[in-house]
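If you read the sequence shown in full-length UniProt numbering, its first letter stands for residue 1, the second for the next number, and so on.
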Amino acid sequence: MKKKIIIISSVALGIVLLCLISLFLLTKATPIENGSLEWIKSTKISHRGLYNNEDIPENSLKAYKNSIDENVAIELDVQLTKDNKVVVFHDYNLERMTGSNKNVNELDYIDILDLKLLNTNEYIPTLNEVLELIDGKVPLLIEIKNEDKVGILESEVYNIIKDYKGDIAVQAFNPFVLSWFKKNAPEIPRGQLSGSFDDSDLPKYKKFLLKNLLLNFESKPAFIAYEVDYLPKAVVKFQRNRNVPILGWTVKSTTDLEKVKENCDNIIYEE
């Protein structure tokens, strides 16, 4: 009986995977209603701004000013504070960059504002402040960091960026974040982030689905950003052959650059 159950479960899993693969093969890049994606292939994208994590911290206004001065696009990360303010910060925990062993979502913004980045005068900015600084001078790629319930963060971000006049796009590892934008803000270009998920504690089957882009039928991204260390990859090449723009992240060396030249249309890089 137990053997029969295992066989049935294996067959069912195989059918589900076959269906997902079929959906993957049939899913094409989604045209953007009003947004332009020309820049996503033509303008280098600085990872968290141009920083050195000494006197110029990552995701700081100073790092973004450097990107503007060098005329390169900016990639940044957003998440919510306890009082639902959209702040620009990569880690969920504040300790690495500020010394405070608290999570971003555990503090109101007024408390986060007191924290300094790497003992400099730079602080954690809001998305509004960053948009005001960039003001359309260079393109902006916003990574939406959300592993929880989708809706609040996405809505807050959209309310901030919906009237922005510069080149802008969103990306996320969570395909359901992109699905929210597909349904509620289809004019905003959206990209699916993916990679190895080696550092993730997700179940193996979820990692398999995500790193093989098998949930793209749900997110319907206009572009894909894939981890450079795991390229070339057949599913990425397949999408590129269908004219889906491919970004490689994060390029940190000449070796990485050579790899992305063959497999990507553009790079998210650090100097």
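Each residue gets a CB set at the ideal place from its N, CA and C atoms; glycine is no exception. Since we're looking at a predicted model, the values are computed, not measured.
Using a Cβ distance threshold of 8 Å, K85 and L94 do not count as a contacting pair.
Contact annotation: the segment 170-186 does not touch the segment 41-52, with fewer than three C-beta pairs closer than 8 Å. Positions of the alpha helix (DSSP H) runs, each at least 4 residues long and wholly inside the segment 26-88, are given as 38-42, 61-70 in order along the chain.
K204 is classed as exposed because its beta carbon has fewer than 16 other beta carbons within 10 Å across all chains shown. Contact between the segment 67-84 and the segment 96-116 is present: 3 or more CB-CB pairs across the two stretches fall below 8 Å.
Residue state for V260 is assigned as helix, using DSSP reduced to three classes.
Rounded to whole angstroms, E270 and P232 show a C-alpha spacing of 20 Å. For G248, the closest C-alpha among the options I56, K259, I124 is that of K259. In the three-state reduction of the DSSP assignment, L247 falls in the strand class, which pools E and B.
Secondary structure note for A234: its alpha helix (DSSP H) is the uninterrupted segment 234-241.
Rounded to whole angstroms, the separation of the alpha carbons of N119 and S194 is 32 Å. Under the three-state reduction of DSSP output, N159 falls in the helix class. Setting aside the 5 residues that flank it on each side, L210 is surrounded in the same chain by F173, P175, S194, F197, L202, each with a C-beta closer than 8 Å to its C-beta; the list follows chain order.
Under the three-state reduction of DSSP output, T255 falls in the helix class. In the DSSP assignment, S179 falls within the unbroken alpha helix (DSSP H) covering 175-184. Here the alpha carbons of Y92 and D199 stand approximately 14 Å from one another.
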